[in-house]
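**Student:** Got a structure here, written out as structure tokens. Questions coming.
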Amino acid sequence: MSSTRVLVLNSGSSSLKYQLLDMADSARLAVGLVERIGEETSRLKHTPLTGDGAERERTGPIADHEAALKAVAAELAADGLGLDSPELAAIGHRVVHGGLKFTEPTVIDDAVLAEIERLVPVAPLHNPANITGIRTARALRPDLPQVAVFDTAFHTTMPEAAARYAIDVATADQHRVRRYGFHGTSHAYVSRTTAELLGKAPEDVNVIVLHLGNGASASAVRGGRCVDTSMGLTPLEGLVMGTRSGDLDPAVIFHLARVGGLSIDEIDTLLNKKSGLIGLCGDNDMREIRRRVDEGDEQARLAFDIYIHRLKKYIGAYYAVLGRVDAIAFTAGVGENAAPVRAAAVAGLEELGLAVDGELNAVRGDEPRLISPGYARVKVAVVPTDEELEIASQTYALVGRHEERLRRMGN
Ligand code: AMP
Numbered sequence: 208m209s210s211t212r213v214l215v216l217n218s219g220s221s222s223l224k225y226q227l228l229d230m231a232d233s234a235r236l237a238v239g240l241v242e243r244i245g246e247e248t249s250r251l252k253h254t255p256l257t258g259d260g261a262e263r264e265r266t267g268p269i270a271d272h273e274a275a276l277k278a279v280a281a282e283l284a285a286d287g288l289g290l291d292s293p294e295l296a297a298i299g300h301r302v303v304h305g306g307l308k309f310t311e312p313t314v315i316d317d318a319v320l321a322e323i324e325r326l327v328p329v330a331p332l333h334n335p336a337n338i339t340g341i342r343t344a345r346a347l348r349p350d351l352p353q354v355a356v357f358d359t360a361f362h363t364t365m366p367e368a369a370a371r372y373a374i375d376v377a378t379a380d381q382h383r384v385r386r387y388g389f390h391g392t393s394h395a396y397v398s399r400t401t402a403e404l405l406g407k408a409p410e411d412v413n414v415i416v417l418h419l420g421n422g423a424s425a426s427a428v429r430g431g432r433c434v435d436t437s438m439g440l441t442p443l444e445g446l447v448m449g450t451r452s453g454d455l456d457p458a459v460i461f462h463l464a465r466v467g468g469l470s471i472d473e474i475d476t477l478l479n480k481k482s483g484l485i486g487l488c489g490d491n492d493m494r495e496i497r498r499r500v501d502e503g504d505e506q507a508r509l510a511f512d513i514y515i516h517r518l519k520k521y522i523g524a525y526y527a528v529l530g531r532v533d534a535i536a537f538t539a540g541v542g543e544n545a546a547p548v549r550a551a552a553v554a555g556l557e558e559l560g561l562a563v564d565g566e567l568n569a570v571r572g573d574e575p576r577l578i579s580p581g582y583a584r585v586k587v588a589v590v591p592t593d594e595e596l597e598i599a600s601q602t603y604a605l606v607g608r609h610e611e612r613l614r615r616m617g618n
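Just add 207 to the spot in the sequence shown (first one is 1) and you have our numbering.
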């Protein structure tokens, strides 16, 4: 392909994050973010990474996603990176929920878009924003291949035993209730990169990936394929997160409704937005929590301990699921930066072959690295995730195959 650029779009309900990459050398050409779309105080931050690379910021009302993408296009054009450039090969969209249907990145046509819309009932918070982003980008460049890269796709290899909840099968199937998992592009990228770090092929390596950001999820990856993950029907299940509770007895919900008098929407907000670390101690930023812990704050200490306890339970569970573990990889904002979290999560697990070297753990860096001592049977890795690069790579590879197929069909 002579066109080697890919624009990656990640559309939220009131935001649009983007990166323009050149897949000839995986270089980032520009990155940016439009926030508070639809408000008076919208803000566009754009950083060209060619030339002087100075960040530009614009504030003022941006009415909707269409206006946001047009504003982004204008910024890119000002850097000579316009969306009308023949060098742009494709646009890659992050789509949160691909259900069972989308096991791979997919070139978007009307039928694919209709299927993503059909999934809105299982992803009411996320898919509508993704759909808006896709529609807007297609309107702007109808001739350009647009690819959907699904957060759920990497987890579609989970066996039924891991993916099904133990509830009535007919009811579950009727309402598409099962465990889908999220953060898939990150789990895919990090498990593959961990194998590379060990100097092995992904097929030969079993990895537990701990994606610890504001949202957090764990996955068990056997030979490059996901066999279990901690998020379920929605991103609420599993680990303690910044604002989400993660696992709890489902009867807590009945109790809060019947005894506490809370509505379903109030409980939804409580568990998704006001629980996890912020619910436990009023802060969801691990830096602030560690600062408070170091000052002797008991509430922050308890929040930290609950966070670590849950993390350990998942490490143990996935160790058992995999049988043999070659490496545990920490990633995302907390996993990449919070040495105390990594040390505490692995503390006391020497019998499982797990250990962290204090000095290696304290080193900061942007590169994938091992933090376990040489003797550790199970390696512990820190692998900075790069979801945009993964979306761009998958988009670019798919568009290459797609064009090849079209060429062959034409001959
Ligand atoms: P993410 O969702 O991957 O962007 O991660 C965001 C979270 O990472 C923040 O809420 C912080 O809790 C955490 N984080 C970022 N930098 C640090 C740091 N230096 N130390 C501890 N936690 C951090």
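From the three backbone atoms N, C-alpha and C, an ideal C-beta is built for every residue, glycine too. Please read these numbers as outputs of a predicted model, since none were measured by experiment.
1. Measuring straight from C-alpha to C-alpha, what distance separates residue 316 and residue 490?
2. If you draw a straight line from the C-alpha of residue 496 to the C-alpha of residue 390, how long is it?
3. List the endpoints of the continuous alpha helix (DSSP H) containing residue 395.
4. Please list, in chain order, all residues with a C-beta atom less than 7 Å from at least one heavy atom of ligand 1.
5. Give me the Cα-Cα distance between residue 292 and residue 216, rounded to the nearest whole angstrom.
6. Which one of 386, 592, 482 has the shortest CA to CA distance from residue 543?
7. Output needed for residue 464: all residues of its chain with C-beta closer than 8 Å, excluding positions within five of it in sequence on either side, in chain order.
8. Could you say if the region 214-229 and the region 307-324 meet the contact criterion of at least three C-beta pairs nearer than 8 Å?
9. Which residues in the same chain as residue 450 place their Cβ atom closer than 6 Å to its Cβ, once the five residues preceding and following it in sequence are excluded?
10. Any chance you could list the beta strand (DSSP E) runs of at least 3 consecutive residues sitting entirely within the region 462-544, in chain order?
11. Could you pull the DSSP bridge partners for residue 424 from this structure?
12. Kindly list the residues whose CB is nearer than 6 Å to the CB of residue 423, restricted to its own chain and excluding five residues on each side of it in sequence; keep chain order.
13. Work out the CA separation of residue 273 and residue 332 for me, nearest whole Å.
14. Among residues of its own chain, excluding the 5 on either side of residue 595, which ones have a beta-carbon nearer than 6 Å to its beta-carbon?
15. Note down the Cα distance separating residue 288 from residue 349, rounded to an integer number of angstroms.
16. So what does residue 242 bridge to, in DSSP terms?
17. Quick check on this structure: which residue in 299, 249, 219, 290 has the alpha carbon closest to the alpha carbon of residue 605?
18. At the level of alpha carbons, what is the spacing between residue 516 and residue 476?
19. Please classify residue 582 as buried or exposed, where buried requires at least 16 other C-beta atoms within 10 Å of its C-beta.
20. Kindly give me the distance between the Cβ atoms of residue 522 and residue 587, rounded to whole angstroms, as I take these residues to be in contact under 8 Å.
21. For residue 436, verify whether its CB is less than 7 Å away from any heavy atom of ligand 3.
22. Taking a contact to mean a Cβ-Cβ separation below 8 Å, would you say residue 436 touches residue 394 in this structure?
23. So, for residue 169: in the same chain, excluding its five sequence neighbours on each side, which residues have a beta-carbon less than 8 Å away from its beta-carbon?
24. Between residue 254 and the rest of its own chain, which residues show a CB-CB distance below 7 Å, the 5 nearest in sequence each way excluded?
25. What does the Cβ neighbour count give for residue 375, buried or exposed, with the cut at 16 atoms within 10 Å?
26. Check for me: the alpha helix (DSSP H) holding residue 264 runs from which residue to which?
27. Following the continuous beta strand (DSSP E) through residue 318, name the residue where it begins and the one where it ends.
**Tutor:** In terms of the structure at hand:
1. 43 Å
2. 24 Å
3. 391-404
4. 420, 421, 422, 449, 491, 492, 493, 494, 497, 539, 540, 541, 544, 545
5. 17 Å
6. 592
7. 470, 471, 474
8. no
9. 480, 483, 485, 491
10. 534-538
11. 418
12. 446, 448
13. 19 Å
14. 215, 226
15. 18 Å
16. 250
17. 299
18. 24 Å
19. exposed
20. With 8 Å as the limit, residue 522 and residue 587 do not qualify as a contact, their Cβ atoms being about 10 Å apart.
21. In the structure shown, ligand 3 is absent; the only ligands present are ligand 1.
22. yes
23. Summary: the structure shown does not reach residue 169, with the chain confined to residues 208 through 618, and so no result is reported for it.
24. 237, 238, 239, 260, 262
25. exposed
26. Not the alpha helix (DSSP H): residue 264 falls in the beta strand (DSSP E), residues 263-266.
27. Where residue 318 is concerned, there is no enclosing beta strand (DSSP E), although the alpha helix (DSSP H) it sits in stretches over 317-325.
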